[in-house]
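Peer 1: Quick one: the structure is below, and I'll ask about it shortly.
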Amino acid sequence: MPPTQAEPPKRRRIGVLTSGGDAPGMNGAVRAVVRMALYSDCEAYTILEGYEGLVNGGDMIRQVQWEDVRGWLSCGGTLIGSARSMSFRERPGRLQAAKNMVLRGIDALVVCGGDGSLTGADVFRREWPGLLDELIQKGELTKDQVEPYRVLNIVGLVGSIDNDMSGTDATIGCYSSLTRICDAVDDVFDTAFSHQRGFVIEVMGRHCGWLALMSAISTGADWLFIPEMPPRDGWEDDMCANIVKNRKERGKRRTIVIVAEGAQDRHLNKISSNTIKDILTKRLGLDTRTTVLGHTQRGGAACAYDRWLSTLQGVEAVRAVLDMTADSPSPVITIRENKIMRTPLMEAVKATKDVTSLIHNKDFDGAMALRDAEFKEYHFSYLNTATPDHPKMILPENKRMRIGFIHVGAPAGGMNQATRAAVAYCQTRGHIPLAIHNGFPGLCRHHSDEPVSSVREIDWLESDNWVNQGGSEIGTNRSLPSEDYEGTAKCFEEHKFDALFVVGGFEAFTAVSQLRQAREKYPAFKIPMVVLPATVSNNVPGTEYSLGSDTCLNTLIDFCDAIRQSASSSRRRVFVVETQGGQSGYIATTAGLSVGATAVYIPEEGINIKRLSKDIDFLRDSFSKDYGTNRAGKLILRNECASSTYSTQVIADIIKEEACGRFESRAAVPGHFQQGGKPSPMDRIRALRMAIKCMLHLESYAGKAPDEVAADELSSTVIGIKGSQVLFSPMGGENGLEATETDWKRRRPKTEFWLELQDTVNILSGRTSFVAESEESQSFYS
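According to the working numbering, numbering within the sequence shown proceeds without interruption in unit steps and concludes at 768.
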């Protein structure tokens, strides 16, 4: 009996599978691939249970439609299943998989998994022509069946909580796992403090120490063990000496040690959490407990970053499929800083395996050299802040500086962590860190004619306790130096500031701009000044990322997930949620992408009655097709400044009125809840990395004359992420941020990188095609 005739492809058929382990965010990637494929006029298929489903075929390969992936963003694990397939590792298994794909007409595959799964995908593609020829020779398929599918395109997405793939800063799931770890360690802080206990926390990471390193940074761990850089011989003495110093000399009441599951010494002997516990208990008499977090690190819903990352990478994967030719190497979708990129798959896999080989060969310096620059920077920053006693790091007297730390603007997650890191670095190098309390008004408080300021030196123990604290412990204020230039200059002179470290949002940017412009009249301002952007609005010129924005997004998606659950339970309800962000729509747009919002209203685009009418038509259409069978709750996000006329409540009321009883509408305003409590792990670790870079920059001006400092454009600067780079941008000058990148009236950058995300929000909500159809007809419902 001849085999079933495969239908010739009329359009691309794209299959998506998740393989190996599971990681939070994989569902977001599958959702994005499916909806982007359908938007691109392709067919979408999900393969259940990874490669095993590809080998077994039948019902394990399912065509999916738009509504089939609704609500997937907030679900943990992988809803299409993941399995390590032994049969696919052998050629007969891959032969059967190829047959099943041809019979289903699938000519492209998006694979989300680790390096083993992606290697298997590339092997499958290389063997593909031979597999088809073998199927013809065996009579399992005819030449006519096979001919339309001679080219197989494969694109990889990296789903791994370990973040162990070279060539990318982050893998899908790693930041969600880091969040679980930080939540667990934060929860034991109180117990450790109350009882003066030590805790040894074991985290995942057999060959990669990313989770261990980042959790050590995020929780202020006293000691760290990672596979890439084992401790030197005699580490037991070094660890105990550091912990004794922290506890007895500095007065620290809690002790945290983070160890990766793959930790080992320089002779490849395993270092277990129990070994560390026994050392602390026997040598120091420290009441020490171990906590092995295990698979709890994999569980739960994805954090904001992983939702954003998986969605954008899923969209890019479909674009890569459509761009590929027979000669194109299989790409893996990666991210560098803030830029989604395509990297040759096998180059990334080879570099990943090379790191593991170097570790096994005891070439630890080589292994670290192959890690990404970001990883090495974090490791350097941790070493120079966790144990601030490095006699060789102390600078000579003439290179030490008195550095003022000031927070300007609204509070944001990461402010304390940036200041804590910089203070620890100051003590490592011999600088004097001076906290300026309550912003510029705190610096200059006038009583009679004499300024009385709230400026004092910060000690290590005080700032160390800020490791997981939200808000601003030294206080922040929106006031600017222009309100009292003379008093500000006198205070600069009185406290002999050699440099100024400013943490804050657009007000911080404005403050440094004013100080720079006032240098000619007030020589006290001729010192190096750096702005580390920290604001939930993410509206500071010179950077695509501000501290606090990730904390805000995580708080907001938690709120939206709860709201959506209510809306879905009621079946036919729309919630209009008001987001913060001022005149920048970044938070609304990114949150909309992360929660699968139906529409997002932002100041950059505004709101008008025509747009509202189209969106109400879209809602009518969506609910009319649903018939109450799906979880049909919907969200619309509105930035607080999107319109002065169409408020959140007004929009909700209009939708309710126009729904004519077919569905309901409610308004929800989370307000300052969005500023969050404890900062997210991303804001914590980036605060450290950025702060150390800022300190190195300020240090470069030590010993320079005031006029020499003022003549340097980079003496007043903003640190930021731009595309795939972290760099400093000058504020003044012909090409400075003040003139070229700042929309002073709207308090935001002139060019906003994220605006293109609005199109992605519309595409994945299904709104783009509907609006296009609406514009072609005068009355959609006539």
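Beta carbons are placed, not taken as given, at the ideal position from N, Cα and C, and that holds for glycine.
First and last residue of the alpha helix (DSSP H) that includes residue 346?
Peer 2: 331 to 346
Peer 1: In the DSSP assignment, find the beta strand (DSSP E) that holds residue 209 and state where it starts and stops.
Peer 2: Run containing residue 209: 209 to 211, per the beta strand (DSSP E) assignment.
Peer 1: In whole angstroms, what is the alpha-carbon distance linking residue 19 and residue 54?
Peer 2: 12 angstroms
Peer 1: If you follow the alpha helix (DSSP H) that residue 267 is part of, which residue opens it and which one closes it?
Peer 2: 259 to 270
Peer 1: Buried or exposed for residue 312, please, with buried defined as at least 16 other CB atoms from any protein chain shown within 10 angstroms of its CB.
Peer 2: exposed
Peer 1: Taking 8 angstroms as the limit between beta carbons, can you name the residues of its chain near residue 252, skipping five residues before and five after?
Peer 2: 216, 217, 218, 219, 348 and 350
Peer 1: Closer than 8 angstroms by C-beta to residue 737: which residues in its own chain qualify, once you throw out the five before and the five after it? Chain order, please.
Peer 2: Correct list, in chain order: 727.
Peer 1: Given a threshold of 16 other Cβ atoms within 10 Å of its Cβ, counted over all protein chains shown, does residue 630 qualify as buried or as exposed?
Peer 2: exposed
Peer 1: Drop a sphere of 10 angstroms on the beta-carbon of residue 196, count the other beta-carbons inside from all chains shown, and report buried for 16 or more, exposed for fewer.
Peer 2: buried
Peer 1: Ordered along the chain, which non-local residues of its own chain (more than five positions away) have a Cβ less than 6 angstroms from that of residue 742?
Peer 2: So no residue of the chain qualifies.
Peer 1: Could you give the uninterrupted runs of the alpha helix (DSSP H) lying entirely in the region 619 to 667, keeping only those of 4 residues or more?
Peer 2: Fully enclosed alpha helix (DSSP H) runs of 4 or longer: 634 to 645.
Peer 1: Going straight from the alpha carbon of residue 623 to that of residue 156, what length do you get?
Peer 2: 27 angstroms
Peer 1: Pairing CB atoms from the region 647 to 666 with CB atoms from the region 589 to 599, are three or more of them under 8 angstroms?
Peer 2: Verdict: no, contact absent.
Peer 1: Any contact between the region 312 to 329 and the region 176 to 194? By contact I mean 3 or more CB pairs, one from each, below 8 angstroms.
Peer 2: no
Peer 1: Find out if the Cβ-Cβ distance for the pair residue 489, residue 393 is shorter than 8 angstroms.
Peer 2: yes
Peer 1: Thinking C-alpha only, which one of 58, -2, 484 and 428 is nearest residue 307?
Peer 2: -2
Peer 1: Please list, in chain order, all residues of the same chain as residue 167 whose beta carbon is under 7 angstroms from its beta carbon, the five residues on each side excluded.
Peer 2: 189, 197, 201, 279 and 283
Peer 1: Might you give, ordered along the chain, the residues of its own chain that have their beta carbon closer than 7 angstroms to the beta carbon of residue 820, omitting 5 neighbours on each side?
Peer 2: The question about residue 820 has no answer here: the residues shown for the chain are numbered -13 through 768.
Peer 1: Report all residues from its chain with a CB closer than 6 angstroms to the CB of residue 775; omit the five preceding and five following residues, and keep chain order.
Peer 2: Past the edges of the chain, shown from -13 to 768, lies residue 775, and the structure says nothing about it.
Peer 1: Suppose contacts are defined by Cβ-Cβ distances below 8 angstroms. Is residue 487 in contact with residue 561 by that definition?
Peer 2: no
Peer 1: Based on Cα-Cα distance, which residue from 332, 182, 324 and 206 lies nearest to residue 267?
Peer 2: 182
Peer 1: Using C-beta distances below 7 angstroms, list every residue in its chain close to residue 640, excluding the 5 sequence neighbours before and after it, in chain order.
Peer 2: 598
Peer 1: Please report the Cβ distance between residue 39 and residue 47, rounded to the nearest whole angstrom; I am assuming they are in contact, meaning their Cβ atoms lie under 8 angstroms.
Peer 2: 6 angstroms
Peer 1: Please state whether the Cβ-Cβ distance between residue 291 and residue 668 is less than 8 angstroms.
Peer 2: yes
Peer 1: Curious, which full-length beta strand (DSSP E) runs of at least 3 residues does the region 154 to 199 contain?
Peer 2: 184 to 189
Peer 1: Which of the three DSSP states is assigned to residue 393 in this structure?
Peer 2: strand
Peer 1: Between residue 637 and residue 363, what straight-line distance do the alpha-carbon atoms span, to the nearest angstrom?
Peer 2: 47 angstroms
Peer 1: Cβ of residue 230 within 8 angstroms of Cβ of residue 270?
Peer 2: yes
Peer 1: What would DSSP say about residue 274, mapped onto helix, strand or coil?
Peer 2: Residue state, collapsed to three classes: strand.
Peer 1: Relative to the C-alpha of residue 160, which residue among 254, 295 and 60 is closest?
Peer 2: Per the Cα distances, 295.
Peer 1: What's the C-alpha gap between residue 753 and residue 585?
Peer 2: 8 angstroms
Peer 1: Residue ranges of each alpha helix (DSSP H) run of no fewer than 4 residues wholly in the region 348 to 389, ordered along the chain?
Peer 2: 350 to 356 and 359 to 372
Peer 1: Would you report the Cα separation of residue 479 and residue 527, rounded to the nearest angstrom?
Peer 2: 29 angstroms
Peer 1: Is the beta carbon of residue 546 sitting closer than 8 angstroms to the one on residue 287?
Peer 2: Cβ distance not < 8 angstroms, so residue 546 and residue 287 don't count as in contact.
Peer 1: Considering only C-alpha positions, which residue in the set 606, 592, 449 and 564 is nearest to residue 674?
Peer 2: 449
Peer 1: In the DSSP assignment, what residue or residues form a beta bridge with residue 720?
Peer 2: Beta-bridge partners of residue 720 (DSSP): none assigned.
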